[in-house]
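These notes concern the structure reproduced below.
Numbering (our numbering), first residue to last: 965 to 1310.
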């Protein structure tokens, strides 16, 4: 046994210990780094376009402009939309309670079916709890947005690291990936297969969830606004968030609204809104998902739902992205393992 072979176990031990210590060093910012990796890969087509058409000799400038595009075109409008939805959430909570109190105090103006439903809901104080919860959510979100100007040092550092990582992942991502691949104890072919499968599965899932959800929520919100439903922006955002639930996301919101309109005697609005949401909003998923996902490998709808909810439960709101990504990584490893088993058998 030569000297190198004798030292190998110690090298492995110290290398493992260094990895563990490195994890603890990076742990406060690990979520920011993971999300930055995902966002950087989603922004790579924009980066490549800018690099190809404007700053071919300056990856640094192209990376900076890509981040600027992300802030102006995606981040700022999202914060504005969420703040509007939060303000409307507070009003929606108050309107629900006020409306229920009115119908309870004026039973002669309340349709019979609505009276029976209100008796059940008020007996368990479901309406009160619902309106209070909606109002609290709006208040918490508004408070969070309002406190952006007085963030702690830790929050500022996490945001800084997020954008800093995006900048270098865009600029040097190719070289970073090659460096990491050199440390993975697998065949280069298998490693690239895992990375490609992970990218395809993750991007297919995110495209299918986010883009379809945004379109469905926007169209439904426009329909609510035209129909005169209070808090149209709030309900639209809720439908965007619920789009992770296959087939049932948007209907969870618009079906009860249409039923309420029908029970209060507004049959025309209920029918038109129900037809609009059922035919146009409801078919967005069937029409766009094949085109958006294309030949990419997408996860099954059940896995999308469970990984999204599980990710949020474990990682917080960032789990909306991290959860499906972890499951996509597991699927990629499973594909490699399955292929290796088949090779060994045959």
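Ideal Cβ placement from N, Cα and C applies to all residues, glycine included.
Distance CB(residue i)-CB(residue j) smaller than 7 angstroms
i: residue 1195; j: residue 1184; result: no
i: residue 1284; j: residue 1049; result: no
i: residue 1181; j: residue 1204; result: yes
i: residue 1213; j: residue 1206; result: yes
i: residue 1276; j: residue 1176; result: no
i: residue 1007; j: residue 1034; result: yes
i: residue 1135; j: residue 1023; result: yes
i: residue 1240; j: residue 1280; result: no
i: residue 1166; j: residue 1289; result: yes
Pairwise C-alpha distance: residue j and residue i
i: residue 1154; j: residue 1031; result: 32 angstroms
i: residue 1305; j: residue 978; result: 32 angstroms
i: residue 1109; j: residue 1056; result: Because the pLDDT at residue 1109 is just 48, under 50, the model does not fix this residue reliably, and the value given afterwards should be weighed accordingly. Straight-line Cα distance between these residues: approximately 19 angstroms.
i: residue 1294; j: residue 1178; result: 27 angstroms
i: residue 1221; j: residue 1299; result: 44 angstroms
i: residue 1237; j: residue 1125; result: 45 angstroms
i: residue 1118; j: residue 1003; result: 21 angstroms
i: residue 1292; j: residue 974; result: 34 angstroms
i: residue 1000; j: residue 1127; result: 7 angstroms
i: residue 1018; j: residue 1123; result: 28 angstroms
i: residue 1011; j: residue 1234; result: 46 angstroms
i: residue 1159; j: residue 1296; result: 8 angstroms
i: residue 1150; j: residue 992; result: 29 angstroms
i: residue 1193; j: residue 1218; result: 11 angstroms
i: residue 1273; j: residue 1021; result: 43 angstroms
i: residue 994; j: residue 988; result: 9 angstroms
i: residue 1252; j: residue 1216; result: 20 angstroms
i: residue 1302; j: residue 1139; result: 29 angstroms
i: residue 1005; j: residue 1013; result: 13 angstroms
i: residue 1038; j: residue 1047; result: 14 angstroms
i: residue 1088; j: residue 1231; result: Unreliable positioning characterises residue 1088 in this predicted model, as indicated by a pLDDT of 47, which lies under 50. The coordinate reading is nonetheless provided below. Near 28 angstroms, if we compare the C-alpha coordinates of residue 1231 and residue 1088.
i: residue 1157; j: residue 1145; result: 12 angstroms
i: residue 1242; j: residue 1191; result: 15 angstroms
i: residue 1042; j: residue 1051; result: 14 angstroms
i: residue 985; j: residue 976; result: 14 angstroms
i: residue 1266; j: residue 998; result: 24 angstroms
i: residue 1143; j: residue 1137; result: 10 angstroms
i: residue 1111; j: residue 1189; result: Residue placement at residue 1111 is poorly supported in this model, since its pLDDT is 49, which falls under 50; the coordinates still yield a value, given next. Near 30 angstroms, if we compare the C-alpha coordinates of residue 1189 and residue 1111.
i: residue 982; j: residue 1147; result: 14 angstroms
i: residue 1271; j: residue 1264; result: 11 angstroms
i: residue 1045; j: residue 1245; result: 20 angstroms
i: residue 996; j: residue 1152; result: 28 angstroms
i: residue 980; j: residue 1040; result: 41 angstroms
i: residue 1229; j: residue 1250; result: 32 angstroms
i: residue 1278; j: residue 1141; result: 27 angstroms
i: residue 1121; j: residue 1174; result: 27 angstroms
i: residue 1053; j: residue 1202; result: 10 angstroms
i: residue 1009; j: residue 1227; result: 49 angstroms
i: residue 1058; j: residue 990; result: 44 angstroms
i: residue 1269; j: residue 1036; result: 30 angstroms
Subject >> Cβ contact (3+ pairs, closer than 8 angstroms) linking the stretch 1124 to 1137 and the stretch 1021 to 1040 >> reply: Proximity of the stretch 1124 to 1137 to the stretch 1021 to 1040 meets the contact definition, three or more beta-carbon pairs being nearer than 8 angstroms.
**OP:** Check whether the stretch 1274 to 1291 touches the stretch 1159 to 1175, counting contact only when three or more Cβ pairs, one atom from each stretch, lie closer than 8 angstroms.
**Re:** Counting Cβ pairs under 8 angstroms, three or more are found: they touch.
**OP:** Could I get the ranges of all uninterrupted alpha helix (DSSP H) runs contained in the stretch 995 to 1049, with 4 residues as the minimum, in chain order?
**Re:** Listed in chain order, the complete alpha helix (DSSP H) runs (minimum 4 residues) inside the stretch 995 to 1049 are 1023 to 1034.
**OP:** Just list the alpha helix (DSSP H) runs in the stretch 1193 to 1221, keeping only unbroken ones of 4 residues or longer that don't cross its boundaries, in chain order.
**Re:** Taking only runs of at least 4 residues, the alpha helix (DSSP H) segments lying wholly in the stretch 1193 to 1221 are 1196 to 1205.
Original post:
Can you list, in chain order, the stretches of the alpha helix (DSSP H) that have 4 or more residues and sit fully within the stretch 1118 to 1182?
Top reply: List check, alpha helix (DSSP H) in window: 1152 to 1170.
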